[in-house]
Amino acid sequence: VIANPSKSPLFSIEERKMLIKEVTSHLDNVEVDDFTGLLAEYVNKQQFDVVIRGLRAATDFESEIQMAQMNARLYDEKVETIFLMTCPEFSFLSSSMAKEVFMLNGDIDGLVPDVVLDYMKKKYR
């Protein structure tokens, strides 16, 4: 979980970590951490050799490839970036869109994990 100063997240870093841990609790090989600063610095510190990035639509690819190429220059060692496409049924969805629809009392059931939706309802309604 990154603290990105250019975004306004709905939840704190600790809340996001808690929710991700809960959503991924059935996966034994998932560890949830947080950091500030550059992804490349975190990758170097952790000595990772792969970074996985999600893509919703072709329009994401242009900015993601630029970021991956910049990061490649900043990595201490060779690190591969792997891009995974989302399911077509979710390709239109962004966190800001889900947040806006929710805040305007729209139905986002099925668009975010149930535990996240329940937490959103408790916190904001």
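Mapping to the numbering used here: the sequence shown position 1 is 10, numbers consecutive.
Where is the CB? At the ideal position from N, CA and C, for every residue including glycine.
Keep in mind the model is a prediction, meaning the values are calculated, not measured.
CB contact flag (residue i, residue j, <7 angstroms)
i	j	result
Val124	Val32	yes
Leu113	Leu102	no
Lys30	Val10	no
Asn80	Ala49	yes
Ile22	Asp43	yes
Cutoff 7 angstroms; reference residue i; Cβ partners in own chain excluding five residues on either side
i	result
Gly63	Leu93, Thr95
Residue i to residue j span [Cα, whole Å]
i	j	result
Pro97	Arg134	30 angstroms
Lys130	Glu24	14 angstroms
Ala12	Glu40	17 angstroms
Asp116	Arg82	43 angstroms
Leu47	Ile74	16 angstroms
Start and end residues, beta strand (DSSP E) containing residue i
i	result
Arg62	59-64
Phe92	89-94
Bounding residues of the alpha helix (DSSP H) (the contiguous stretch that carries residue i)
i	result
Thr68	67-83
Ser100	Premise fails: Ser100 is in no alpha helix (DSSP H) and is neither H nor E.
Rounded Cβ spacing between residue i and residue j (contact assumed at less than 8 angstroms)
i	j	result
Ser100	Ala66	5 angstroms
Tyr84	Val52	6 angstroms
Beta-carbon contacts of residue i that lie in its chain and below 8 angstroms, excluding the five residues immediately before and after
i	result
Ile91	Val59, Val60, Ile61, Arg62
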